[in-house]
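This note's numbering numbers the first residue of the sequence shown as 1 and each following residue consecutively.
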Amino acid sequence: MNEGNTDESYRDTISIVSDEGKRKWIYPKKPKGRFYTARTVISIFLLAFLFGSPFIRIDGHPFMLFNIIKREFILFGLVFTPQDFYIFGLVMIASFVALFLVTAVFGRIFCGWVCPQTIFLEMVFRKIEYFIEGNYKSQMDLNNSPWGIKKFFKKISKYIIFFLISFAIANTFLAYIIGTDELWKIITDPVSQHVSGFISIIIFTGLFYFVFAWFREQACILVCPYGRLQSVLLDKNSIVIAYDFIRGEPRGKFTQKEEKSLGDCIDCKKCVNVCPTGIDIRNGTQLECVNCTACIDACDSVMDKIDLPRGLIRYDSMEGISNKVKFRWTPRIIGYCAVLVVLVSTIGVLLANRSDTDVSILRTPGMLYQNQPDNKVSNLYNLHISNKTFEEKSMKLELDGIEGELKLLGNEIIIKPLEIYEGNFLILIQKEKIKLTNTPVRIKVISDGKVIEDISTTF
Ligand code: SF4
Ligand code: SF4
């Protein structure tokens with residue numbers, strides 16, 4: 001809470017719900033200022049990356065792919081198979097810890113600058129809305145005006161463009177999952193050949209259209225789990241978008257301020273008018289604030305006009321505003337940093353030691369040894385090899401450390417790119433060579449004349 005504000009009634013309501021319990025449509029004023037420009041530049045890069053990366057190819061292979069159906073995952077050109085899921089799991093945990101750390105230090109900065117929901121809503125859909133329907137007051141007037149040719153034309157053109165962008169996002173989303181080649185087939189082949197793909201595109205298009213044309217800020221306020229965690233992730237040392245109530249209060253019009261009895265806030269409500277979630281940041285940090293910086297730009301422009309220093313609303317912590325403490329290494333931040341260093345180092349080591357293939361050899365469960373001619377006994381083994389490269393691999397197995405014979409059951413081992421080979425083989429050993437119940441044996445896995453794995457098992 002803003003310590004300068006003792007009225008906490010705003011905590012009893014949500015900015016997007018009216019007193020009658022209905023949705024209050026938010027008409028934010030078009031932001032303008034240095035932060036908005038910086039966010040626009042960053043969003044152009046992020047959007048270019050999002051829409052472009054499914055089309056990037058390295059040696060003819062995708063740069064990014066998350067094919068859940070075929071269990072193929074490519075991240076920045078690196079192939080991950082289901083066997084690498086422990087690395088994926090660690091990356092996910094590290095991402096969460098990094099997000100908690102960033103939130104503890106800089107609040108919800110991710111939401112304002114990087115989150116796809118904010119980027120698409122504020123930097124794509126809202127900009128189109130401003131372009132077609134004008135600024136917030138024109139939008140309100142248009143919505144309250146009776147239907148006519150002008151209103152019909154504006155609304156229909158806006159919704160057609162929204163639909164087309166949603167369609168483009170849905171296709172891009174699908175390109176990340178099935179790859180651009182498969183997507184191209186869905187687009188160009190008759191619908192009957194790709195019914196499920198076509199239905200997926202329609203469902204995703206509808207979902208994105210619903211979120212960006214109608215649901216909007218409710219996704220951040222009511223649905224997003226990260227937003228709802230803010231109350232436990234933030235503390236008074238977190239740098240958030242904050243109103244300097246010490247400098248600003250008591251608020252009042254400029255003419256009164258000249259009498260020096262009031263603070264710097266002239267109560268123009270420009271910071272409230274630009275807010276895409278409809279809150280008044282002067283009440284203090286609130287769950288609805290997505291750190292979009294629009295109120296900073298709005299207030300800075302007011303301060304420029306009345307010749308007062310910028311930064312009445314700025315990035316700062318409660319401690320920064322109350323006690324002028326800029327940043328403090330709290331035990332929580334140190335703890336997050338320590339965990340993150342351990343996780344990132346572990347991931348680095350695992351990635352550095354990651355091989356192109358994963359081989360696992362297991363005695364076939366439930367099978368006993370078999371007596372064979374020439375006084376030999378045999379055991380059956382299961383072989384599982386996954387090829388994590390884009391090249392076909394041919395391999396052979398050799399018995400090592402004991403005299404005997406390794407006999408592959410079936411064809412030679414040839415594994416297609418990104419595929420898994422599953423087969424069986426027998427190990428045959430002379431009875432007199434077997435001294436223990438579990439005789440240790442080693443199997444060399446050879447590819448391109450090189451031993452790529454030396455696996456220990458028992459006979
Ligand atoms: S309070 Fe400011 S930063 Fe937060 S959502 Fe509203 S305009 Fe954006
Ligand atoms: S924009 Fe600045 S001066 Fe105007 S109401 Fe908001 S905080 Fe006060």
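Note that CB positions come from ideal geometry on N, CA and C, so glycine has one too.
Values in this document were obtained by computation on a predicted structure and should not be read as measured data.
Worksheet item: Smallest Cα separation from residue 160: which of 284, 213, 414?
Response: Taking only the C-alpha atoms, the option nearest residue 160 is 213.
Discussion item. Assess contact between the region 401 to 415 and the region 425 to 438, defined as three or more Cβ pairs (one per stretch) separated by less than 8 Å. Is contact present?
Written reply: Taking 8 Å as the limit for Cβ pairs, the verdict is that the region 425 to 438 does touch the region 401 to 415.
Item to complete: With residue 126 as the anchor, note down where its alpha helix (DSSP H) starts and where it stops.
Response: Looking at the DSSP string, the run of the alpha helix (DSSP H) that includes residue 126 is 126 to 133.
Discussion item. Would the region 225 to 244 count as touching the region 94 to 105 if we require 3 or more Cβ pairs under 8 Å?
Written reply: Because the criterion of three Cβ pairs below 8 Å is met, the region 225 to 244 and the region 94 to 105 touch.
Worksheet item: residue 399: which of 299, 227, 457 sits nearest, CA to CA?
Response: Of the candidates 299, 227, 457, the one whose C-alpha sits nearest the C-alpha of residue 399 is 457.
Practice prompt. Excluding the 5 residues preceding and the 5 following residue 354 in the sequence, name in chain order all residues of the same chain whose CB lies nearer than 6 Å to its CB.
Written response: For residue 354, where only same-chain residues beyond five positions count, there are no Cβ hits under 6 Å.
Worksheet item: Shortest alpha-carbon distance to residue 383 belongs to which of 326, 271, 358?
Response: Among 326, 271, 358, the Cα nearest to that of residue 383 is on 358.
Practice prompt. Ignore the nearest five residues each way along the sequence and tell me which others in residue 251's own chain have a CB closer than 8 Å to its CB.
Written response: Closer than 8 Å at the Cβ level, and outside the excluded window around residue 251, lie 262, 263, 265, 266, 267, 282.
Worksheet item: So, using beta-carbon positions, are residue 459 and residue 379 closer together than 9 Å?
Response: Their beta carbons are under 9 Å apart, which means residue 459 touches residue 379 by this criterion.
Worksheet item: What number of angstroms, rounded off, separates the C-alpha of residue 410 from the C-alpha of residue 437?
Response: Between residue 410 and residue 437, the C-alpha separation is close to 28 Å.
Worksheet item: Around the C-beta of residue 490, are 16 or more other C-beta atoms found within 10 angstroms, so that it is buried, or is it exposed?
Response: Because the chain is modelled from 1 through 459, residue 490 falls outside the range shown and cannot be assessed.
Discussion item. Short of 6 Å in beta carbon distance, which residues of its chain neighbour residue 220, apart from the five on each side in sequence? Order them along the chain.
Written reply: So the qualifying residues of the chain are 227, 290.
Worksheet item: Buried or exposed: residue 12, going by 16 or more other Cβ atoms within 10 Å of its Cβ?
Response: By the 10 Å Cβ count, residue 12 comes out exposed.
Practice prompt. Look up residue 380 in the DSSP assignment and say whether it is helix, strand or coil.
Written response: Residue 380 sits in a strand when the DSSP states are folded into three classes.
Discussion item. Within 8 Å, do at least three Cβ pairs link the region 25 to 39 to the region 291 to 305?
Written reply: A contact exists between the region 291 to 305 and the region 25 to 39.
Item to complete: Kindly indicate which three-state DSSP category residue 392 falls into: helix, strand or coil?
Response: Secondary structure of residue 392 (DSSP, three-state): coil.
Worksheet item: By the 10 Å Cβ neighbour count, where 16 or more other Cβ atoms means buried, how is residue 57 classified, buried or exposed?
Response: Counting every other CB atom within 10 Å of its CB across the protein chains shown gives residue 57 a total below 16, marking it as exposed.
Discussion item. What would DSSP say about residue 62, mapped onto helix, strand or coil?
Written reply: Residue 62: strand per DSSP, three-state reduction.
Worksheet entry | Continuous beta strand (DSSP E) assignments of at least 3 residues falling wholly in the region 417 to 443 | Inside the region 417 to 443, DSSP marks whole beta strand (DSSP E) runs of 3 or more residues at positions 420 to 430, from first to last along the chain.
Item to complete: Alpha carbon to alpha carbon, how far is residue 377 from residue 431? Give it in angstroms, no decimals.
Response: If you take the alpha carbons of residue 431 and residue 377, they lie about 6 Å apart.
Fill in: Three-state secondary structure (DSSP) of residue 399
Annotated three-state conformation of residue 399 is strand, per DSSP.
Discussion item. Rounded to whole angstroms, what is the Cα-Cα separation between residue 415 and residue 408?
Written reply: C-alpha of residue 415 to C-alpha of residue 408: approximately 15 Å in a straight line.
Discussion item. In the DSSP output, which residue or residues are listed as bridge partners for residue 315?
Written reply: Residue 315 pairs with 241.
Fill in: Sequence ranges, alpha helix (DSSP H) only - wholly within the region 132 to 160, length at least 4
Runs of alpha helix (DSSP H) with 4 or more residues, each lying fully within the region 132 to 160, are found at 136 to 144, listed in chain order.
Worksheet item: In the region 268 to 347, which residue ranges form an unbroken alpha helix (DSSP H) of at least 4 residues, counting only runs that do not cross its ends?
Response: Scanning the region 268 to 347 for uninterrupted alpha helix (DSSP H) segments of 4 residues or longer gives 270 to 273, 294 to 305, 318 to 323, listed from N- to C-terminal end.
Practice prompt. Reducing DSSP to helix, strand and coil, say where residue 455 ends up.
Written response: Residue 455 falls in the strand class under three-state DSSP.
Worksheet item: Can you list, in chain order, the stretches of the beta strand (DSSP E) that have 3 or more residues and sit fully within the region 76 to 124?
Response: Restricting attention to beta strand (DSSP E) runs no shorter than 3 residues, the region 76 to 124 encloses them at 78 to 80, ordered along the chain.
Worksheet item: Which whole-angstrom value is the C-beta distance of residue 186 and residue 179, which I expect to be below 8 Å?
Response: With a beta-carbon spacing of about 11 Å, residue 186 and residue 179 fall beyond the 8 Å limit used to define contacts.
Worksheet item: At which residue ranges does the region 164 to 207 contain complete alpha helix (DSSP H) runs of 4 or more residues, listed in the order of the chain?
Response: List check, alpha helix (DSSP H) in window: 180 to 188.
Discussion item. Please list the terminal residues of the continuous alpha helix (DSSP H) segment that includes residue 233.
Written reply: Looking at the DSSP string, the run of the alpha helix (DSSP H) that includes residue 233 is 230 to 233.
Worksheet item: CB residue 368 to CB residue 443, shorter than 9 Å?
Response: Cβ distance not < 9 Å, so residue 368 and residue 443 don't count as in contact.
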